[in-house]
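In our numbering, the protein residues as written are 5 to 444.
Where is the CB? At the ideal position from N, CA and C, for every residue including glycine.
In this text the structure is predicted, and so the values were computed from the model without any measurement.
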């Protein structure tokens with residue numbers, strides 16, 4: 005597994021999230037409310053080609069357009085995340101169809117885009133063989149400073165980037181900011197639950213675990229090549245019962261129930277619970293929780309939540325890493341991709357909110373995006389996209405009732421698809437989660 009050398013770490017460490025945020029704040033809100041990127045941006049359509057042309061020019065220093073490059077990288081943070089949710093939706097569609105290898109293929113690219121989005125929000129543009137960082141002094145640097153074949157391309161460099169970033173203080177600072185189930189940030193919850201593990205160690209473990217499939221591909225090219233380019237019939241795993249697949253998808257959706265734009269309270273609660281469980285600390289009493297600052301209702305809710313040892317299926321699957329022939333492998337990759345997309349989406353949303361962007365400024369994107377993905381038509385655009393959750397919740401309840409009335413082994417994938425057309429139509433629509441998560 006390739007890692008950064010000293011010069012690469014030095015250049016990477018200078019990439020600046022604050023510079024990206026300041027640049028977004030300086031943009032004309034009127035211009036930004038019509039498109040993610042200006043039509044005349046030099047890197048809009050042929051980013052990698054033009055960036056490499058600029059690097060190869062005879063001019064010293066290279067003729068890179070720093071303003072356009074900064075705008076491109078800043079805008080690619082939310083837009084990589086948007087694409088990542090679409091890939092995740094196609095992975096779920098494939099899983100519900102019983103197409104396990106297509107599910108792995110799409111979930112891998114969802115995970116890749118999540119990592120690229122996260123890097124962009126931190127001031128790092130991931131391109132083809134030559135990449136860029138936007139620095140604290142509002143300048144740019146070529147990355148890596150000297151080309152190395154071992155980390156040249158997108159698929160090769162994204163894992164060393166994610167791995168090294170996860171060791172930096174800024175990584176744990178960001179994780180602490182975006183995980184804040186009422187009434188504390190993650191660090192406050194760790195203190196409340198007497199968890200002594202440093203948040204920096206927890207953040208590093210999570211990032212490297214949820215980017216696991218990127219690291220596997222970086223180490224073993226045959227894994228991705230087999231899923232994407234080799235006949236699946238030769239090594240096809242045993243099919244799962246439709247109940248197992250549908251139950252997993254139901255629980256994945258519930259994790260992303262929006263309690264407000266950009267707020268997934270249950271996901272954040274489970275992340276706190278996960279950090280606490282991994283620490284091995286004893287269960288707190290309700291009185292202990294109240295002494296740490298929770299009110300009576302909060303202490304009762306959290307006491308019950310923590311004393312139920314179970315984790316939802318996506319968290320359980322995310323911890324497992326089996327071969328692609330394993331019947332559950334595709335659910336494991338989907339789970340990790342969803343968790344990494346949560347982080348990248350919240351990181352991008354924080355950029356937008358810190359730069360004082362407002363909900364109405366993004367109607368150019370989310371209303372059209374939902375229409376293109378079949379989430380609504382021109383006459384049915386919701387006033388607030390969170391309103392769609394009530395439809396999803398109804399579908400999830402109907403699906404659960406169907407499973408209750410049709411025991412395992414008594415029905416097939418065809419039966420579910422035939423008898424649950426609304427679930428079939430909606431449960432792959434994870435573009436909705438991207439919309440809910442990104443809007444300020």
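From which residue to which residue does the beta strand (DSSP E) around residue 144 run?
Note, residue 144: beta strand (DSSP E), 144 to 147.
Among 169, 285, 142, nearest to residue 197 - alpha-carbon criterion
Here the closest residue by C-alpha is 285.
Please state the DSSP three-state secondary structure of residue 390.
The answer is helix: DSSP assigns residue 390 an H, G or I state.
Should the segment 50 to 60 be regarded as contacting the segment 175 to 193, the criterion being three or more beta carbon pairs within less than 8 Å?
The answer is no - the segment 175 to 193 does not touch the segment 50 to 60, with fewer than three Cβ pairs under 8 Å.
Cα separation between residue 84 and residue 6?
Between residue 84 and residue 6, the C-alpha separation is close to 24 Å.
Relative to the C-alpha of residue 261, which candidate in 11, 437, 213, 56 has its C-alpha closest?
Among 11, 437, 213, 56, the Cα nearest to that of residue 261 belongs to 437.
Distance between beta carbons of residue 385 and residue 371, contact taken as under 8 Å
Yes, residue 371 and residue 385 are in contact; Cβ-Cβ is about 5 Å, under 8 Å.
Could you say which of 162, 36, 149 lies nearest to residue 11 if we only look at CA atoms?
Of the residues 162, 36, 149, the one whose Cα lies closest to the Cα of residue 11 is 149.
Residue 75 to residue 27 span [Cα, whole Å]:
Taking the straight line from one Cα to the other gives about 7 Å.
Judging by CA-CA distance, which residue of 101, 251, 287, 328 is the nearest neighbour of residue 112?
Sorting 101, 251, 287, 328 by C-alpha distance to the C-alpha of residue 112 places 328 at the top.
Suppose only complete runs of 3+ residues qualify. What are the beta strand (DSSP E) ranges in the segment 101 to 140, listed by chain order?
With a minimum length of 3 residues, the continuous beta strand (DSSP E) runs that stay inside the segment 101 to 140 are 135 to 138.
To the nearest angstrom, how far is it from the Cα of residue 389 to the Cα of residue 444?
Roughly 12 Å between the two C-alpha positions.
Assuming residue 259 contacts residue 271 (C-beta within less than 8 Å), just tell me the rounded distance between them.
Taking 8 Å as the upper bound for CB-CB distance, residue 259 and residue 271 are in contact here, some 5 Å apart.
Taking the alpha carbon of residue 151 as the reference point, which residue from 132, 143, 94, 163 has its own alpha carbon closest?
Selection 132, 143, 94, 163 evaluated against residue 151 yields 132 as nearest (Cα-Cα).
My guess is that residue 124 and residue 90 are in contact by the Cβ rule of under 8 Å, so how many angstroms apart are they, rounded?
So it is not a contact: roughly 17 Å between Cβ atoms.
Inter-residue spacing [alpha-carbon to alpha-carbon] between residue 294 and residue 365
So the alpha carbons of these two residues sit roughly 41 Å apart.
Closest residue to residue 15 among 37, 332, 140 (Cα-Cα distance)
Cα-wise, what sits closest to residue 15 is 140.
Just list the residues that DSSP pairs residue 267 with in beta bridges.
BP columns for residue 267 point to 264.
Would you please state the rounded distance, in angstroms, between the beta carbons of residue 181 and residue 354? I believe it to be under 8 Å.
Rounded, the Cβ-Cβ distance is 6 Å, consistent with contact.
Please state whether the Cβ-Cβ distance between residue 215 and residue 344 is less than 8 Å.
In contact: residue 215 and residue 344 (Cβ atoms closer than 8 Å).
Less than 8 Å between the C-beta atoms of residue 121 and residue 93, yes or no?
Judged by beta-carbon spacing, residue 93 lies beyond the 8 Å limit of residue 121, meaning their Cβ atoms are not closer than that value.
Where DSSP assigns a beta bridge to residue 279, which residues make up the other side?
According to DSSP, which records beta bridges pairwise, residue 279 is partnered with nothing at all.
In its own chain, which residues sit with a C-beta less than 6 Å from the C-beta of residue 380, not counting the 5 before and 5 after it?
Correct list, in chain order: 374.
Can you give the Cα-Cα distance for residue 263 and residue 324, rounded to whole angstroms?
C-alpha of residue 263 to C-alpha of residue 324: approximately 29 Å in a straight line.
Any idea what DSSP makes of residue 359, helix, strand or coil?
DSSP places residue 359 in coil when its eight states are reduced to three.
Would you kindly work out how many angstroms separate the C-alpha atoms of residue 402 and residue 423, rounded to a whole number?
Taking the Cα positions, residue 402 is about 11 Å away from residue 423.
Note the first and the last residue of the continuous alpha helix (DSSP H) segment covering residue 52.
Per DSSP, residue 52 is one residue of the alpha helix (DSSP H) stretching across 51 to 59.
What residue range does the alpha helix (DSSP H) around residue 419 cover?
First-last of the alpha helix (DSSP H) with residue 419: 417 to 423.
Touch check for the segment 333 to 349 and the segment 414 to 433: three-plus C-beta pairs under 8 Å?
Fewer than three beta-carbon pairs drawn from the segment 333 to 349 and the segment 414 to 433 are found closer than 8 Å, and the two stretches are therefore not classed as touching.
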